[in-house]
Amino acid sequence: MRRYLAGRVLQGVGVVLMIATLTYVLLHLAPGDPITMSLDRPGVTEATRAEWRRAYGLDRPLGEQYLRWVAGAARGDLGYSYSHHRPVGDVIAEALPRTALLTGLALLLSFGVGIAVGVLQVERAGGHRDRWMGRVLLLLYSVPDFWLALLALLLFAYRIPVLPAGGLVDPVMYEYLTPSQQLVDRLRHLVLPVTTLTLLTSAVIARYQRSALLEVIATDWMRTALAKGLSWRKAVRRHALRNALLPTITLAGLSLPALAAGALFVEKVFSWPGMGLVTVNAIGARDYPLVTGGVLVISVMVVAGALLADLVIALADPRVRLR
Amino acid sequence: MRISLQTRVRRWAPVAIAVLGLAGCKGTEQAATTAGPADIGGTMVISTATDAGTMLPVLIGSNLDRQVTDLLYDRLADISTELVTVGDRGFKPQLAQRWEWSRDSLSITFHLNPAARWHDGRPVRASDVRFSLGLVKNPATGSAISSLVTNIDSVSIRDSLTVVAWFKMRTPEQFYELVYQIPVMPEHLLANTPPGELKTSDVSRRGIGSGRFRLAKWAPGQRIELVADTANYRGRPKLDRVVYSISPDAASSVTRFFAGDADFHEQLRTDNLAQLAKDTVRRLMRYPNLQHAYLAFNLVDPANTSRPHPIFGDRAVRRALSMAIDRRAMLRNVFDTLGQLSYGPFPSKLPVADTTLPQLPYDTAAARMLLDSAGWVMGPGAVRVKDGRRLEFGLTVPNSSAPRKAYSVLLQEAFRRIGASVKIEEMDFPSFSAKQAAHGFDTEIAAYGSDPSVSGFKQAWSTEGMKPGGFNFPSYSNPAVDALLDSATVTFDFARTRTYARRAFEMIMEDAPGVWLYEPLTLGGIDRRVRVGDLRADGYWATMADWWIPADKRSARDRIGLRPTP
């Protein structure tokens, strides 16, 4: 087991390093640089541009810049963000918890709702409820995330303005509210983005869960359980569900990177300044250190998520052995 | 699907009426009654899609940087609404109560207002003015302003409230250069930080100035909160608070405005205006600007900039292509009734602008004849050919600009009709900027925001502006134009400045290094309860300290008062 873990970690480090290097090189190959973006206005001399490039080390050869970045990253210093005018570590430290809160809540709700819907469908497989739920799930599965987000925004923030249009909190009033009012304000701002993400993700999970359950209920031991007098509902919930959870656990592991990467379109529509949005905006601003730092964090989460999923599957299913 | 003219008229009529109504206001947004004592207070939230990068005016890079620092920091004197940059005509005292010119005009003595204070309570002193000039001019600071103040030699201190600015040459804009370009910054806070480290230091984020607003809080990526400096020597602003609410992108920013989370949104898109015309809570606000957009022909070969461009090096070809463009029809197509034709290589709000200059006519028959006589004859595929070279070229546009993308398609079609093949090259803004700066394009749609001075205009069309860092992207060079622009910047007679500038504009337009397409109408949205005064073309926010919200129109956020931010 230890050997397996050491091998996977080593493999993961290699993957992360490769992704970071590729990101760094590809980004530098794109035309323009952060100075072009921030100083594109009258009166800026080439000397000023050169001074800014020197100040940020952008006048050094690409190889040297990369080695400096790697050396800094190894010490935990991911560099200075040109677009945020702050250390990259600070920007990520601020954006990561926001994304984790949004996607974490959405994932928890999605798995709860998705598994429950899958079970409800299988309890009456082929029946009216199963068909009706299947259609709704298919619709949600097919809807583009940005469309659903925009629809929710238009409906509940503009047409029937009962929820805020976006952001983490009220930009003016939050600071002047009591702690309990602040909590309510924060929750109100979470409702639309979390609901949108939950609806989208739970549709996928429910479809997986239904398929896995349908496979399991066809097995001999389920027939035995029913023959022993267990009701259909009890047999599904007590025996079939546990055995049918393996694909869902894999899906959960693979969803972990979303905690770091964010849900770009939902973050964009609801002005949620999380990791996805920060990284994409940084690409537009040619903010090399922030993009590379963001990609580094996201790729670590992808590798860790895949490893975690394998470990949990091994724990949940004694037939699986890790070598 | 074709939309009938009547439908289009019906759809846009309310917007057009609103815009035309506002156009009549000419700078003043609203004939509002003046604010009474009870009308002091209120909060205005501005929805924006960008965050500021600094709170130190010497380091500004973006429009929002300038906007916020303009509100936080005062200058020695402020320019008039007419933006006259010659002499000290129209300038209003700010930190300087009064000033005197020396007999040879090579120095100006400024007497500072003894009541002026920094937001931390320390008095503003003559040494702050000297320090500010030194900081701007220090190459290690890397200030974008430094190239604009080269004529200022130094500042000496006569006493703690009297400074003397010394100039290398007597020029019409020497006063403007000093007072408009140099914001006065606090020496006691900045002197201990090496200029090269200011960009990354915390002191550049504190925003302690002497303006009528002071910085209460800057939560990066979320909001910037300015509050009234109630003890300000120029009087407190009428609003209690201005909050910049930062959204991650333009669409979210607009949505927040329409959802009522903000009171003001600058530069709305045309598709938002129809919605605004029906809105009973918000209204359209037109504000002047110094921007214009044009199709630039690159006069040098992108592959080797020391050679003329194989197509656009020929003046006749440029003129022919210009005559193939129906600018008016294109303007209507892209902006409907909400656009304004460009009058030439200058923004129409520039004090020296002349909106009566003749432009090349739209005449496709004449354009074809000009191309024929220049040796470009029709070849295979209905594309003209000369010496084996097809009349084919690229048209570069940034994909972030919807109007420029729309124009590129229309221009492609217009050029096709006279036998020129255009390949549209859309790219993200950094790529576009890099290509532009390297003169690496055939043609491009450039949008240029000028400053109010003629010297600013020189950077775009003089030979000097071709150097790296200049804004003469088409590489246009005409010694006669250079001489005229030089004359325009050295005469003290404003009427002669206009005459020289007019002749320079005429010559540029005859040489056709570009086609002057449009001036964007800057149309924002504002909550009806906010009262706005005179607006300046170099920045609508210049008068924001005098905007107000009537006491009987206040909402919950207006009633917070001046409680300190927790």
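So the protein lines, in turn, are chains V and X.
Those letters in the first sequence? Residues 33 to 355, by this note's numbering.
Those letters in the second sequence? Residues 588 to 1153, by this note's numbering.
By construction, the Cβ of each residue, glycine as well, lies at the ideal position given by its N, Cα and C atoms.
All figures in this text were calculated on a predicted structure; none of them were measured in a lab.
#### Entry: Three-way DSSP call (helix, strand, coil) for V/L339 in this model
Position 307 of the first sequence, counting from 1, holds the residue named residue 339 of chain V. In this structure, DSSP gives V/L339 a helical state, which the three-state scheme calls helix.
### Query
Is it buried or exposed for X/G1100, if we count other Cβ within 10 angstroms and need 16 for buried?
Translated into positions along the second sequence, residue 1100 of chain X becomes position 513. It is Pro, not Gly, that sits at residue 1100 of chain X in the sequence shown. By the neighbour-count rule (16 or more Cβ atoms within 10 Å), X/P1100 is buried.
### Query
Taking the Cβ atom as the reference point for each residue, do X/P773 and X/D816 lie within a distance shorter than 8 Å?
Stepping through the second sequence from its first residue, residue 773 of chain X is reached at position 186. Stepping through the second sequence from its first residue, residue 816 of chain X is reached at position 229. Result no, Cβ atoms of X/P773 and X/D816 do not sit closer than 8 Å.
### Message
Please report the straight-line C-alpha distance between X/E1031 and X/I732, rounded to a whole angstrom.
### Response
For the purposes of this step, residue 1031 of chain X is identified with residue 444 of the second sequence, where counting begins at 1. For the purposes of this step, residue 732 of chain X is identified with residue 145 of the second sequence, where counting begins at 1. When rounded, the distance between both Cα atoms is 27 Å.
### Query
Closer than 7 Å, Cβ to any Cβ of chain X: which residues of the region 306-322 of chain V, in chain order?
Answer in chain order: L309, N313, G316, R318.
### Query
List, in order along the chain, the chain V residues whose C-beta lies closer than 8 Å to that of X/I1147?
Position 560 of the second sequence, counted from the start, is the residue given in the question as residue 1147 of chain X. Taking a Cβ-Cβ threshold of 8 Å, the residues of chain V close to X/I1147 are V204, M205, Y208, in chain order.
### Query
How would you list, in chain order, the residues of chain B whose beta-carbon sits under 8 Å from the beta-carbon of V/R220?
Reference to chain B is not applicable here, since the protein chains of this structure are V and X.
### Task
Per DSSP, which residues does X/G1101 bridge with? Please list them.
Here residue 1101 of chain X refers to the residue found at position 514 when the second sequence is read from its first residue. Answer is X/A883, bridged to X/G1101.
### Message
I'd like to know whether the C-beta of V/P193 is nearer than 8 Å to at least one C-beta of chain X.
### Response
For the purposes of this step, residue 193 of chain V is identified with residue 161 of the first sequence, where counting begins at 1. V/P193 counts as touching chain X.
### Spatial distance of X/L776 from X/V790 (CA atoms)
Within the second sequence, the letter at position 189 stands for residue 776 of chain X. Within the second sequence, the letter at position 203 stands for residue 790 of chain X. One alpha carbon belongs to X/L776, the other to X/V790, and they sit about 7 Å apart.
### Message
Can you tell me whether X/H896 is helix, strand or coil according to DSSP?
### Response
Here residue 896 of chain X refers to the residue found at position 309 of the second sequence. Under the three-state reduction of DSSP, X/H896 is assigned to coil, being neither helix nor strand.
### Query
For the 8 Å Cβ check, are there 3 or more pairs between the region 866-886 of chain X and the region 1034-1047 of chain X?
Yes: the two stretches touch, three or more of their Cβ pairs being nearer than 8 Å.
### Task
Look at the Cβ atom of V/G198, then the Cβ atom of V/F302, and state whether they are nearer than 8 Å.
Position 166 of the first sequence, counted from the start, is the residue given in the question as residue 198 of chain V. Position 270 of the first sequence, counted from the start, is the residue given in the question as residue 302 of chain V. In contact: V/G198 and V/F302 (Cβ atoms closer than 8 Å).
### Message
Checking 8 Å against the spacing of the C-beta atoms, do V/V123 and V/S113 come in under that value?
### Response
In the first sequence, residue 123 of chain V corresponds to position 91, counting from 1. In the first sequence, residue 113 of chain V corresponds to position 81, counting from 1. Closer than 8 Å, so yes.
### Task
Taking 8 Å as the cut-off, decide whether the C-beta atoms of X/P1039 and X/D1125 are in contact.
Start at 1 with the first residue of the second sequence, and residue 1039 of chain X comes out as number 452. Start at 1 with the first residue of the second sequence, and residue 1125 of chain X comes out as number 538. For the pair X/P1039 and X/D1125, the CB atoms are nearer than the 8 Å cut-off.
### Task
Would you give the residue range spanned by the beta strand (DSSP E) that X/A1033 belongs to?
For this step, residue 1033 of chain X is matched to residue 446 along the second sequence. X/A1033 -> beta strand (DSSP E) spans 1030-1036.
### Query
Looking at the structure shown, is X/F980 part of a helix, part of a strand, or coil, going by DSSP?
Taking the first residue of the second sequence as position 1, residue 980 of chain X is located at position 393. In this structure, X/F980 counts as strand in the three-state DSSP scheme.
### Task
Would you tell me roughly how many angstroms separate the C-alpha atoms of X/M872 and X/L670, rounded to the nearest one?
Translated into positions along the second sequence, residue 872 of chain X becomes position 285. Translated into positions along the second sequence, residue 670 of chain X becomes position 83. Between X/M872 and X/L670, the C-alpha separation is close to 21 Å.
### Message
I believe V/A238 touches V/V149 by the beta-carbon criterion, under 8 Å. Please report the beta-carbon distance rounded to the nearest angstrom.
### Response
Position 206 of the first sequence holds residue 238 of chain V. Position 117 of the first sequence holds residue 149 of chain V. Beta-carbon to beta-carbon, V/A238 and V/V149 are separated by about 4 Å, close enough to satisfy the 8 Å threshold.
### Query
Is it true that the region 972-990 of chain X meets the region 953-964 of chain X, where meeting means three or more beta-carbon pairs spaced less than 8 Å apart?
Short answer: they touch.
### Task
Could you list the residues in the region 697-731 of chain X with a C-beta less than 9 Å from some C-beta on chain V, going in chain order?
Result list: P726, A727, T728, G729, S730, A731.
### Message
Does any residue of chain X have a CB that is nearer than 8 Å to the CB of V/W101?
### Response
The residue given as residue 101 of chain V occupies position 69 in the first sequence. Under the 8 Å criterion on CB atoms, V/W101 is classed as non-interfacial with respect to chain X.
### Query
Assuming X/H698 and X/L748 make a contact with CB atoms under 8 Å, what is their CB distance in whole Å?
By one-based count along the second sequence, residue 698 of chain X stands at place 111. By one-based count along the second sequence, residue 748 of chain X stands at place 161. Yes, they are in contact, since the Cβ atoms of X/H698 and X/L748 sit about 6 Å apart, within 8 Å.
### Task
State yes or no: is the beta carbon of X/G1126 nearer than 8 Å to at least one beta carbon in chain V?
Within the second sequence, residue 1126 of chain X is the residue found at index 539, counting from 1. The beta carbon of X/G1126 does not come within 8 Å of any beta carbon belonging to chain V, so the residue lies off that interface.
### Message
In this structure, how does DSSP classify V/A346 when only helix, strand and coil are distinguished?
### Response
Here residue 346 of chain V refers to the residue found at position 314 when the first sequence is read from its first residue. In the three-state reduction of the DSSP assignment, V/A346 falls in the helix class, which pools H, G and I.
#### Entry: 8 Å Cβ cutoff met for X/L908 and X/F1060
Translated into positions along the second sequence, residue 908 of chain X becomes position 321. Translated into positions along the second sequence, residue 1060 of chain X becomes position 473. Cβ atoms of X/L908 and X/F1060: not closer than 8 Å.
### Task
Spatial neighbours of X/R1116 within its chain, please: CB distance less than 6 Å, with the 5 preceding and 5 following residues excluded, ordered by chain position.
The residue given as residue 1116 of chain X occupies position 529 in the second sequence. Excluding positions up to five away in sequence, the list reads I1136, K1140.
#### Entry: Cα-Cα separation between V/A267 and V/G146, rounded to whole angstroms
Walking along the first sequence from the start, residue 267 of chain V turns up at place 235. Walking along the first sequence from the start, residue 146 of chain V turns up at place 114. The alpha-carbon separation between V/A267 and V/G146 amounts to approximately 19 Å.
### Spatial distance of X/V736 from X/R685 (CA atoms)
Residue 736 of chain X sits at position 149 when you count from the first residue of the second sequence. Residue 685 of chain X sits at position 98 when you count from the first residue of the second sequence. Cα to Cα, the separation comes out at about 21 Å.
### Message
Beta-carbon within less than 8 Å of X/R1144's beta-carbon, same chain only, minus the 5 sequence neighbours each way: which residues are those?
### Response
Walking along the second sequence from the start, residue 1144 of chain X turns up at place 557. Take X/R1144, set aside five residues on each side of it, and the residues of its chain with a beta-carbon closer than 8 Å to its own are T630, V632, in chain order.
### Query
Considering only residues of the same chain and omitting the five flanking positions on each side of V/A348, which have a CB-CB separation below 7 Å?
For the purposes of this step, residue 348 of chain V is taken as the residue at position 316 of the first sequence. Its chain contains L277, L278, I281 as the residues whose beta carbon lies nearer than 7 Å to that of V/A348, once the 5 sequence neighbours on both sides are disregarded; these appear in chain order.
### Task
Could you tell me which chain X residues have their CB closer than 9 Å to the CB of V/K266, listed as they occur along the chain?
Position 234 of the first sequence, counted from the start, is the residue given in the question as residue 266 of chain V. Taking the beta carbon of V/K266 as reference, no residue of chain X falls within 9 Å; the closest one sits roughly 48 Å away.
### Message
V/L286 and V/G337 - do their beta-carbons sit closer together than 8 Å?
### Response
As a position in the first sequence, residue 337 of chain V is number 305, starting the count at 1. As a position in the first sequence, residue 286 of chain V is number 254, starting the count at 1. Contact: yes.
### Message
Buried or exposed, going by whether 16 or more other CB atoms sit within 10 Å of the CB of X/E687?
### Response
Position 100 of the second sequence, counted from the start, is the residue given in the question as residue 687 of chain X. Flag for X/E687 reads exposed.
### Task
Taking 8 Å as the cut-off, decide whether the C-beta atoms of V/A138 and V/V226 are in contact.
Position 106 of the first sequence, counting from 1, holds the residue named residue 138 of chain V. Position 194 of the first sequence, counting from 1, holds the residue named residue 226 of chain V. Cβ atoms of V/A138 and V/V226: closer than 8 Å.
#### Entry: Outcome for X/D850 when other beta-carbon atoms lying within 10 angstroms are tallied against a minimum of 16
In the second sequence, the residue the question calls residue 850 of chain X occupies position 263. Residue environment analysis places X/D850 among the buried positions, since at least 16 neighbouring C-beta atoms fall within 10 angstroms of its C-beta.
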